[in-house]
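In what follows, a single structure is set out as structure tokens and then discussed.
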Amino acid sequence: MANNSPARQTAVFLVRKAVSSVITLIGLSMFVFLMVKLIPGDEARVAAGENATPAQVEAVRKSLGLDQPFFVQLLQFFGRLLHGDLGTSITTHQSVLQGIEQVMPQTIELVVLAIIIIISVVTPLATLSALRRDGATDVAIKLFVILSAAMPTFWLALLLQYLLGTQIGIVPISGRLSRQFNIPTQTGAVVVDSLLAGNPLAAWDGLQHLIVPAIVLALPFGAQLYRILRAELIQVLSREHLTVARAKGVPQRQLVWRHVLPNSIGPGITLVGIQFGAMTGAAVLVEGVFGLVGVGSYLTNAVAQKDTFAVLGGVLVIGVLVVVSNYVVDVLQLIRDPRLRAGQLG
Amino acid sequence: MNTIMTALPEQTDTRPEVDALLSVRNLTIDAGTKPDPIRLVQDFSLDMFPGDRVALVGESGSGKSVTARSIMRLDPDFRLSGSVRFQGQDLLKLSDRQMVRVRGHKIGMVFQDPMGALNPLITIGEQVMEPLRIAGVSRSEAERRAKDVLDELGVVNAAARMKAYPHEFSGGMRQRVVLAMALISNPSLIIADEPTTALDVRVQEQVLTLMDKVSKERGLAVLLITHDLGTVAGFTDRVAVMYSGRKVDEATVDNLFEHPAHPYTQGLLQAVPRIDQTVPRLLTIAGAPPHPAARPAGCAFNPRCPKAFDLCRQEVPELRPAPGGGVVACHHYPEAEAEAEAEAGEEQGA
Ligand SMILES: Nc1ncnc2c1ncn2[C@@H]1O[C@H](COP(=O)(O)OP(=O)(O)OP(=O)(O)O)[C@@H](O)[C@H]1O
Ligand code: SF4
Ligand SMILES: [Mg+2]
Numbered sequence: 001m002a003n004n005s006p007a008r009q010t011a012v013f014l015v016r017k018a019v020s021s022v023i024t025l026i027g028l029s030m031f032v033f034l035m036v037k038l039i040p041g042d043e044a045r046v047a048a049g050e051n052a053t054p055a056q057v058e059a060v061r062k063s064l065g066l067d068q069p070f071f072v073q074l075l076q077f078f079g080r081l082l083h084g085d086l087g088t089s090i091t092t093h094q095s096v097l098q099g100i101e102q103v104m105p106q107t108i109e110l111v112v113l114a115i116i117i118i119i120s121v122v123t124p125l126a127t128l129s130a131l132r133r134d135g136a137t138d139v140a141i142k143l144f145v146i147l148s149a150a151m152p153t154f155w156l157a158l159l160l161q162y163l164l165g166t167q168i169g170i171v172p173i174s175g176r177l178s179r180q181f182n183i184p185t186q187t188g189a190v191v192v193d194s195l196l197a198g199n200p201l202a203a204w205d206g207l208q209h210l211i212v213p214a215i216v217l218a219l220p221f222g223a224q225l226y227r228i229l230r231a232e233l234i235q236v237l238s239r240e241h242l243t244v245a246r247a248k249g250v251p252q253r254q255l256v257w258r259h260v261l262p263n264s265i266g267p268g269i270t271l272v273g274i275q276f277g278a279m280t281g282a283a284v285l286v287e288g289v290f291g292l293v294g295v296g297s298y299l300t301n302a303v304a305q306k307d308t309f310a311v312l313g314g315v316l317v318i319g320v321l322v323v324v325s326n327y328v329v330d331v332l333q334l335i336r337d338p339r340l341r342a343g344q345l346g
Numbered sequence: 001m002n003t004i005m006t007a008l009p010e011q012t013d014t015r016p017e018v019d020a021l022l023s024v025r026n027l028t029i030d031a032g033t034k035p036d037p038i039r040l041v042q043d044f045s046l047d048m049f050p051g052d053r054v055a056l057v058g059e060s061g062s063g064k065s066v067t068a069r070s071i072m073r074l075d076p077d078f079r080l081s082g083s084v085r086f087q088g089q090d091l092l093k094l095s096d097r098q099m100v101r102v103r104g105h106k107i108g109m110v111f112q113d114p115m116g117a118l119n120p121l122i123t124i125g126e127q128v129m130e131p132l133r134i135a136g137v138s139r140s141e142a143e144r145r146a147k148d149v150l151d152e153l154g155v156v157n158a159a160a161r162m163k164a165y166p167h168e169f170s171g172g173m174r175q176r177v178v179l180a181m182a183l184i185s186n187p188s189l190i191i192a193d194e195p196t197t198a199l200d201v202r203v204q205e206q207v208l209t210l211m212d213k214v215s216k217e218r219g220l221a222v223l224l225i226t227h228d229l230g231t232v233a234g235f236t237d238r239v240a241v242m243y244s245g246r247k248v249d250e251a252t253v254d255n256l257f258e259h260p261a262h263p264y265t266q267g268l269l270q271a272v273p274r275i276d277q278t279v280p281r282l283l284t285i286a287g288a289p290p291h292p293a294a295r296p297a298g299c300a301f302n303p304r305c306p307k308a309f310d311l312c313r314q315e316v317p318e319l320r321p322a323p324g325g326g327v328v329a330c331h332h333y334p335e336a337e338a339e340a341e342a343e344a345g346e347e348q349g350a
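Have a look at this one:
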């Protein structure tokens, strides 16, 4: 009995997921390492610079351990990773980790805002759709979702920029923060730093800069969430326990909040977890249009300049984000469903 | 042939209608889209008095569940007409908001599938307490009453079990929880739609015995839906038989078993599995009931009825007083004879 207690099952589940996360990360790192090795060209020469003499190249090769056998290099690569060393950018000669640290928080800020928008808009829309299934409201919402998802991101970005920024002038056209504000960097995320600095006006300004890019980023992903949530809601709405709940006098509002939504958001949570990684990638385009710095711009530059270490570092960091968000998803599902805690599902 | 008996004092229909707890009149239920709706139930009437135990029987698809759910107005897609008076109030005329206050609080309902009846994400205690919490009862009071009702229903160690989740309960235990949810607000009527069908035989017996005991102790009226006449005998006083969306027969249990009036009821009785009978008797009613969208003309039972004659294929038989008491819808019982009997009954009753 004691061996099957929910607390124990939960712990086992969490440890199991953590182990698989670590294995995923190791796999990803090895993949990244192989990429470095498989990309044609001499790393030592790249690292030493265009004008280095053969002697200098050999010196760099020795100092980077590139003269060692493959497996030793692999181990050394992992050793460096453990110390947070992702190598040095050949263009900026700055450590890749530091470079990414400067841009990552801003991308995360954008993606998190987009996710907040998605969840708070899609949940009521999907619920209304499912409750009025095939009715006029449902059809109208579906149409709206299809249209907004069908618009090409780039075009939509420009359209919103023009309408809201230029024509109506309610939001800034581009950039991250208006000039008059000077906020010390702590986390790297502008809105968060403004709040930490005790400057709500700056936070509001930062949010205004971010809102249109976040909406643009959110739309196609929001459409995905809408579809999966509506389908699951319709499925849950037909379940017997809802009839039973209605028969015991649960009013409609409470029925939806207590018995329908919590039972329907499982697949949605998993989807948003997956979207988190995908949005980090999709942010590239949005950041470009709106003149924002972020992982997107960092990676684009790195690719353009053939800055191998920077590209691979960026990929690895995004990989870590994906793995972490998957872990968060697993924990959320565990909180939601007691059957998972008891080890009955999954 | 039946000999005409005395005025049958147990004939419930002689009680004044105003005292009825539940009085369903000509309940007609349509489903499907407007241009060509499907009539699921036609002119269903039934009276239940406080403490009554009535069985609603019939083969699968005869409309028992649809009728029960419509008394509670559980299917917003159905179009209902007629009247469903409960404690003098026509439920069909209530607003949705008013109806919410009837469900669970005045009429409790128990369903067939206890595995799907509970919300898997919420603890048993929360679910049993929910009707009370909606009614504004304090948490501690609701907890106490939930524990009491679970105790009453034989859930061992109720206080601790209230913190458990549905997946930790067996089918029989879940059905007790569903029953507890239906009982906790002290309703005066319980509608139980095949509450034991999904349980294994030994547990069926337990749950039925429990329902019997609790409803007697509380003076509850029970409408028990089943397609098993075997369960009816021990549990109920009166039986209404449905066939293809209509009530075709109603009688006290004793009369029904001794002198079933309707040919369909006679068939059903022969279909009750009995240890002392050989297998072929289970197959007495050959064929299957018609689909609600494709009923035969006249009496819906005529293609399967051994006693059918010409009139059966032309006219739908009305419900009339049956020779053995109760009512029956069958051309086999001619109007004149039935009316004469009814008059005789009234005179003797007066
Ligand atoms: N929502 C609906 N729309 C259309 N037809 C329905 C609907 N629900 C039930 N029916 C039909 O109504 C008829 C009566 O169904 P009902 O569930 O009341 O039968 P039942 O007597 O309870 O049978 P069982 O013993 O199998 O439970 C069936 O033919 C069924 O297909
Ligand atoms: S009306 Fe005719 S077909 Fe119908 S049950 Fe009576 S005898 Fe049979
Ligand atoms: Mg049924």
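Protein chains in written order, with the working numbering: chain A, 1 to 346; chain B, 1 to 350.
Note that CB positions come from ideal geometry on N, CA and C, so glycine has one too.
Everything numeric in this text was worked out from a predicted model, so none of it was measured.
Is the shortest distance between the beta-carbon of residue i and the beta-carbons of chain B less than 9 Å?
i	result
glutamine 254(A)	yes
arginine 246(A)	yes
aspartate 337(A)	yes
proline 267(A)	no
glutamate 240(A)	yes
arginine 258(A)	yes
proline 383(A)	What the structure shows of chain A is the stretch from 1 to 346, and residue 383(A) is not part of that stretch, so it cannot be assessed.
histidine 189(A)	Position check: residue 189(A) holds alanine in this sequence, whereas histidine was assumed. Judged by the 9 Å Cβ criterion, alanine 189(A) is not in contact with chain B.
alanine 11(A)	no
asparagine 263(A)	yes
glycine 79(A)	no
alanine 2(A)	With a pLDDT of only 45 at alanine 2(A), under the threshold of 50, the placement of this residue in the model should not be trusted; the figure read from the coordinates follows. Taking Cβ atoms only, chain B never reaches closer than 9 Å to alanine 2(A), which makes this a no.
glycine 249(A)	yes
Buried or exposed: which applies to residue i, given that a residue is buried once 16 or more other Cβ atoms fall within 10 Å of its Cβ?
i	result
arginine 253(A)	exposed
methionine 30(A)	exposed
glutamine 180(A)	exposed
glutamate 315(B)	exposed
aspartate 363(B)	Since the first residue of chain B shown is 1 and the last is 350, residue 363(B) is not available in this structure.
glutamate 143(B)	buried
leucine 282(B)	Low confidence applies here, because leucine 282(B) scores a pLDDT of 45, under 50, leaving its location unreliable; read the following figure in that light. With fewer than 16 Cβ atoms within 10 Å of its Cβ, leucine 282(B) is classed as exposed.
glycine 88(B)	exposed
isoleucine 124(B)	buried
Taking residue i and residue j to be in contact with their CB atoms under 8 Å, please state how far apart those CB atoms are, rounded to whole angstroms.
i	j	result
methionine 351(B)	isoleucine 38(B)	Because chain B spans 1 through 350 in this model, residue 351(B) falls outside it and cannot be assessed.
isoleucine 29(B)	leucine 46(B)	With 8 Å as the limit, isoleucine 29(B) and leucine 46(B) do not qualify as a contact, their Cβ atoms being about 14 Å apart.
valine 322(A)	valine 311(A)	At roughly 17 Å, the Cβ-Cβ gap does not stay under 8 Å, so valine 322(A) and valine 311(A) are not in contact.
leucine 91(B)	arginine 73(B)	7 Å
tyrosine 226(A)	alanine 126(A)	5 Å
asparagine 26(B)	glycine 82(B)	4 Å
threonine 280(A)	valine 111(A)	6 Å
leucine 66(A)	alanine 44(A)	5 Å
leucine 268(B)	valine 57(B)	7 Å
glycine 99(A)	serine 89(A)	6 Å
isoleucine 141(A)	leucine 128(A)	6 Å
arginine 176(B)	leucine 153(B)	4 Å
valine 24(B)	isoleucine 71(B)	7 Å
Got a sec: is the Cβ-Cβ distance from residue i to anything in chain A below 9 Å?
i	result
asparagine 143(B)	The question names asparagine, but residue 143(B) is glutamate in the sequence shown. Judged by the 9 Å Cβ criterion, glutamate 143(B) is not in contact with chain A.
leucine 80(B)	no
glutamate 72(B)	According to the sequence provided, residue 72(B) is methionine. The question's glutamate does not apply to it. Interface residue, yes.
isoleucine 225(B)	no
isoleucine 122(B)	yes
arginine 97(B)	yes
glycine 325(B)	no
arginine 218(B)	no
isoleucine 29(B)	no
- Item | Validate contact between the region 215-231 of chain B and the region 178-194 of chain B using beta carbons, cut 8 Å, 3 pairs | yes
- Could you say if the region 213-225 of chain A and the region 143-157 of chain A meet the contact criterion of at least three C-beta pairs nearer than 8 Å? Yes, they touch.
- Query: Does the region 324-335 of chain B come within contact of the region 242-251 of chain B, defined as at least 3 CB pairs closer than 8 Å?
  - Reply: Below 8 Å, enough C-beta pairs join the region 324-335 of chain B and the region 242-251 of chain B to call them touching: three or more.
- Query: Is there contact here, the region 158-167 of chain A with the region 188-195 of chain A, by at least three beta-carbon pairs under 8 Å?
  - Reply: no
- Message: For the pair the region 271-287 of chain A and the region 159-167 of chain B, tell me if three or more CB-CB distances fall below 8 Å.
- Response: no
- Inspect the CB distances between the region 89-104 of chain A and the region 191-209 of chain A and report whether three or more fall short of 8 Å. no
- Message: If contact is defined by three or more beta carbon pairs under 8 Å, each pair taking one atom from either stretch, is the region 199-218 of chain B in contact with the region 253-269 of chain A?
- Response: no
- Item | Any 3 or more C-beta pairs closer than 8 Å across the region 323-340 of chain A and the region 10-19 of chain A | yes
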